[in-house]
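The sequence shown runs 314 to 476 under this note's numbering.
Report on one structure; see the data block that follows.
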Amino acid sequence: MELIEVTLADKALISELSAVATAIVRDYYDPLLGKAQNDYMLEKFQSEHAIAEQLAEGYRYYLVRDEGRDAGFMGFYPKPGSMYLSKLYLDRDSRGRGLGRRMLDFVVSQARAENLPAVTLNVNKYNDTVRIYEAMGFRRVRSEKNDIGSGYYMDDYVYQLDL
């Protein structure tokens, strides 16, 4: 597995990340959220413009390559008291092979390097990956429902991994 950092200066890599994110997120969330909400969220959070804005605000994005092909991506950033894991996705063919654990280990190493005591994340309440995060040692700390505009909400659990 290779992690390729996406920087604000590399427009081609931002474009590639957006395309990878769109394909993976569409495959996973269209059935869970519906196409209309997922389309809205992809434009708001994973379009080239949105990724560039997030990078400018301090997000760290990485493309994940495995066996020479784009297999997934992740995005995270430090905030007071934790490293916030905003995105960790693998395509269907790459799941169940330990890549997600290696991606998470990288985020944990980044948190430790900055002396942050935890990694936090949000996960949709109906997303099956809840059980995966729990198996990796995350604990549920609360529920929250966030208005993201246009009548859509993110209905999530917040999880934390203490380091």
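Where a beta carbon is used, it is the ideal one built from N, C-alpha and C, also for glycine.
Asked: Under the three-state reduction of DSSP, which class applies to Arg410: helix, strand or coil?; Found: coil
Asked: How big is the Cα-Cα spacing for Tyr374 and Glu329?; Found: 12 Å
Asked: Quick check: the Cα distance between Phe358 and Asp441, rounded to an integer number of angstroms?; Found: 21 Å
Asked: Mind checking Asp409: buried by the 16 CB within 10 Å criterion, or exposed?; Found: Note that residue 409 is Gly in the sequence shown here, rather than Asp. The residue in question, Gly409, is exposed, as its Cβ has fewer than 16 Cβ neighbours within 10 Å.
Asked: So for Glu427, helix, strand or coil by DSSP?; Found: coil
Asked: Is Leu401 near Ala384, with beta carbons less than 8 Å apart?; Found: no
Asked: By the 10 Å Cβ neighbour count, where 16 or more other Cβ atoms means buried, how is Val454 classified, buried or exposed?; Found: exposed
Asked: If you follow the beta strand (DSSP E) that Tyr439 is part of, which residue opens it and which one closes it?; Found: No beta strand (DSSP E) contains Tyr439, which DSSP labels as neither H nor E.
Asked: Excluding the 5 residues preceding and the 5 following Met467 in the sequence, name in chain order all residues of the same chain whose CB lies nearer than 6 Å to its CB.; Found: Asn459, Ile461
Asked: Suppose the cutoff is 7 Å on Cβ atoms and the five residues either side in sequence are ignored; what does the same chain contact list for Tyr342 look like?; Found: Asn351
Asked: May I have the straight-line CA-CA distance separating Gly394 from Val421, to the nearest angstrom?; Found: 13 Å
Asked: Count the other CB atoms, across all protein chains shown, that sit within 10 Å of the CB of Tyr439; report buried if there are 16 or more and exposed otherwise.; Found: exposed
Asked: Looking at the strands, I want to know which residues DSSP matches up with Arg452.; Found: Gln473
Asked: Could you spell out the range, first to last residue, of the beta strand (DSSP E) harbouring Pro391?; Found: 382 to 392
Asked: In angstroms with no decimal places, state the Cα-to-Cα distance between Ala365 and Arg452.; Found: 31 Å
Asked: Beta carbon of Ala431, beta carbon of Asp469: below 8 Å?; Found: no
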